[in-house]
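2 protein chains.
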Amino acid sequence: MTTVREVRLKRRPVGMPQLGDFDVAEAPLAAPGEGEVAVKNLFLSVDPYMRGRMYDRPSYVPPFELGKVMQGGAIGQVTASHDPKFSVGDIVSSMFGWRDAYVAKGEHIQKIETHGLPPQAFLGAAGMPGMTAYFGLLEVADGCKPGETVFVSAATGAVGQIVCQIAKLKGATVVGSAGGAEKVAYLKEIGCDEAIDYRAGDINSALAKAAPKGIDVYFDNVGGDHLAAAMNAARPFARFAECGMIAQYNNEEPAPGPANMALIVGKRLKIRGFIVSDFAARQSEFAKDMAAWISSGQIKTRDTVDEGVDAMPGAFLKLFTGGNFGKMLVKV
Amino acid sequence: MTTVREVRLKRRPVGMPQLGDFDVAEAPLAAPGEGEVAVKNLFLSVDPYMRGRMYDRPSYVPPFELGKVMQGGAIGQVTASHDPKFSVGDIVSSMFGWRDAYVAKGEHIQKIETHGLPPQAFLGAAGMPGMTAYFGLLEVADGCKPGETVFVSAATGAVGQIVCQIAKLKGATVVGSAGGAEKVAYLKEIGCDEAIDYRAGDINSALAKAAPKGIDVYFDNVGGDHLAAAMNAARPFARFAECGMIAQYNNEEPAPGPANMALIVGKRLKIRGFIVSDFAARQSEFAKDMAAWISSGQIKTRDTVDEGVDAMPGAFLKLFTGGNFGKMLVKV
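As structure tokens, this is what we get:
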């Protein structure tokens with residue numbers, strides 16, 4: 033019997049989450065039994081969708097339970113195995129994050145062939161955020177082609193930075209928005225044609241200036257003012273991939289929606305929400321393309337990495353204050 | 033030289049249109065020249081989309097011009113023809129409404145084979161509103177099938193009553209909403225499984241009660257509270273055909289949108305705006321199906337018919353006060 037350090041949900045956040053909403057504690061960890069595997073986590077993920085699971089309400093995934101260890105994406109290495117499909121040293125992906133080690137049945141974890149990529153890539157560009165970007169742009173928004181303009185919000189985020197680069201690979205003109213001069217500079221670095229600092233002024237007029245002929249695709253990570261601005265800037269038949277609305281996740285009261293909803297009719301907008309797991313059966317298409325793009329240097333990534341399980345609550349909070357740059361990770 | 037009676041746009045309405053926004057006047061009408069046809073109008077159409085054309089702003093159709101005769105759908109009969117494709121007595125469809133007679137080039141009017149239907153049907157179920165219902169439900173909302181629930185707002189309107197009946201023909205459960213007991217009774221008469229009187233209480237709780245398992249399709253003619261209620265009631269992957277948002281057409285200030293926009297992501301809603309003319313190339317598919325459905329009595333319609341060109345402004349205003357029942361027409 034050893035002990036692990038883990039993060040538990042102490043109380044359901046009201047509005048913006050706080051450090052005090054979490055407990056960091058030690059828990060006993062039994063040795064793996066028959067069919068089980070022991071894993072030491074290497075990298076832990078924090079993601080905006082986790083905020084939704086902190087509410088006690090029906091959704092597409094059940095809410096986190098109070099007093100229980102949090103769940104989340106993690107990349108680890110097998111330290112002991114009683115499942116013939118896993119060997120010591122294997123790199124595995126799981127949802128057993130927010131802790132430094134765990135024991136699980138082999139069927140609940142996935143072995144990863146890294147093909148030379150660093151293991152943390154499988155929490156970012158080569159993992160769930162990359163797959164979200166890939167299917168969101170190429171399927172939900174019906175792709176994009178040369179001559180079209182793609183607008184991406186939260187464009188330096190884990191998902192956004194990949195969307196921008198896939199859109200460029202497909203030949204589109206790309207407009208990204210992010211908060212602050214450093215992020216705007218990074219957007220230019222990864223190939224965005226126009227980069228908007230949404231903190232520097234009104235997003236609506238900034239987008240109108242950045243895309244004077246309008247936009248054909250909007251990849252929405254933000255909702256709120258960004259969504260309203262995208263509807264104003266949309267060309268007829270524009271496609272919106274609704275990936276997230278981080279602007280709203282911490283609202284204590286429901287915030288009013290865009291005041292320009294009637295544009296959906298006149299402009300024939302197609303606005304479609306999605307969840308990456310809807311495309312789980314097509315994971316291999318994504319894995320093949322993305323591995324090639326990363327290996328060839330066509331897709332670059334930038335992460336923010338904090339250290340130690342105790343840093344998880346703080347890392348999570350950074351998602352809502354813009355404190356992260358690209359994928360937010362914790363190295364165990 | 034004869035004279036015609038015609039309705040002109042006197043000033044652009046602010047908020048709810050008023051009778052004083054229109055002028056009814058006489059104008060000279062020359063005899064038809066080479067390639068021209070003289071037509072006496074039989075029925076004139078008023079439609080909600082006309083409100084949008086009264087604003088001076090860019091849209092999918094140019095704004096109406098001040099001081100000029102209004103345009104709109106009309107069914108008439110040829111009284112003289114200098115175009116070999118038209119004969120005296122032919123029934124024709126045109127956009128030369130809001131007047132009792134006109135002269136036009138043959139290429140600007142369409143001859144109608146009525147197949148035994150009354151001519152005014154081609155301004156309703158067999159015309160633009162019917163075609164809007166048909167392609168909106170069957171294409172934009174991806175159709176509907178037995179076991180699915182379809183929610184229709186403004187369900188006794190010219191478009192709504194056809195949507196309800198096509199959805200029933202396809203085997204769906206249909207929930208319609210309309211204002212007042214008489215309209216609710218009519219919805220039951222045309223086969224709606226549940227009918228909501230939105231004036232009798234909160235649309236959100238009424239819809240939750242009428243469709244306890246949720247809705248798969250929303251055909252939106254109203255926007256506003258109806259749209260928000262439909263998002264709350266939507267099942268995962270529900271499809272929304274955005275046909276109109278009459279609740280908003282007369283707003284002097286933009287009204288806030290639904291406060292539950294984030295549901296688009298979690299429920300993977302597909303919300304798609306459309307304009308019937310987008311499907312112009314497929315008119316014959318619609319004409320064939322609808323003629324069969326009307327002839328067989330599978331689709332019934334109810335119209336409101338006022339009389340005389342002078343009644344046009346008043347007939348138009350009824351669209352926004354619920355004063356019409358089904359298709360709003362004026363018999364010349």
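Residue numbers (the working numbering), protein chains in the order written: chain A, 33 to 364; chain B, 33 to 364.
Glycine residues also receive a C-beta, built at the ideal position from the N, C-alpha and C atoms.
It should be emphasised that the depicted structure is a prediction, and the values quoted were computed from it without experimental measurement.
Can you say whether residue i is buried or exposed, counting buried as having 16 or more other CB atoms within 10 angstroms of its CB?
| i | result |
| --- | --- |
| residue 328 of chain B | exposed |
| residue 132 of chain A | buried |
| residue 90 of chain A | exposed |
| residue 142 of chain A | exposed |
| residue 33 of chain A | exposed |
| residue 234 of chain B | exposed |
| residue 99 of chain B | exposed |
| residue 46 of chain B | exposed |
| residue 145 of chain B | exposed |
| residue 193 of chain B | buried |
| residue 181 of chain A | buried |
| residue 152 of chain B | buried |
| residue 140 of chain B | exposed |
Roughly how many whole angstroms lie between the Cα atoms of residue i and residue j?
| i | j | result |
| --- | --- | --- |
| residue 74 of chain B | residue 134 of chain B | 12 angstroms |
| residue 214 of chain B | residue 285 of chain B | 32 angstroms |
| residue 56 of chain B | residue 188 of chain B | 29 angstroms |
| residue 290 of chain A | residue 265 of chain B | 20 angstroms |
| residue 314 of chain B | residue 323 of chain B | 15 angstroms |
| residue 209 of chain A | residue 227 of chain A | 6 angstroms |
| residue 274 of chain B | residue 48 of chain B | 22 angstroms |
| residue 195 of chain B | residue 326 of chain B | 13 angstroms |
| residue 155 of chain B | residue 270 of chain B | 30 angstroms |
| residue 202 of chain A | residue 178 of chain A | 7 angstroms |
| residue 298 of chain A | residue 176 of chain A | 22 angstroms |
| residue 114 of chain B | residue 106 of chain B | 20 angstroms |
| residue 87 of chain A | residue 277 of chain B | 32 angstroms |
| residue 206 of chain B | residue 344 of chain B | 33 angstroms |
Where does residue i fall in DSSP's three states?
| i | result |
| --- | --- |
| residue 240 of chain B | helix |
| residue 281 of chain B | coil |
| residue 296 of chain B | helix |
| residue 126 of chain A | strand |
| residue 73 of chain A | strand |
| residue 60 of chain B | strand |
| residue 118 of chain B | coil |
| residue 102 of chain B | coil |
| residue 142 of chain A | strand |
| residue 134 of chain B | strand |
| residue 149 of chain A | coil |
| residue 230 of chain B | helix |
| residue 263 of chain A | helix |
| residue 333 of chain A | coil |
| residue 157 of chain A | coil |
| residue 52 of chain A | helix |
If we cut at 8 angstroms on Cβ distances, does residue i have a partner in chain A?
| i | result |
| --- | --- |
| residue 310 of chain B | yes |
| residue 239 of chain B | no |
| residue 72 of chain B | no |
| residue 277 of chain B | yes |
| residue 192 of chain B | no |
| residue 123 of chain B | no |
| residue 170 of chain B | no |
| residue 303 of chain B | yes |
| residue 195 of chain B | no |
| residue 274 of chain B | yes |
| residue 254 of chain B | no |
| residue 69 of chain B | no |
| residue 85 of chain B | no |
For a cutoff of 8 angstroms on Cβ pairs, would you count residue i as touching chain B?
| i | result |
| --- | --- |
| residue 292 of chain A | yes |
| residue 287 of chain A | yes |
| residue 352 of chain A | no |
| residue 306 of chain A | yes |
| residue 245 of chain A | no |
| residue 184 of chain A | no |
| residue 42 of chain A | no |
With distance defined between alpha-carbon atoms, name the residue in the options nearest to residue i.
| i | options | result |
| --- | --- | --- |
| residue 116 of chain B | B:107, B:137 and B:97 | B:137 |
| residue 124 of chain A | A:114, A:113 and A:109 | A:109 |
| residue 246 of chain A | A:263, A:257, A:259 and A:232 | A:263 |
| residue 220 of chain A | A:255, A:236, A:165 and A:197 | A:197 |
| residue 317 of chain A | A:149, A:170, A:42 and A:211 | A:170 |
| residue 360 of chain B | B:35, B:149 and B:79 | B:79 |
| residue 243 of chain A | A:148, A:287 and A:184 | A:184 |
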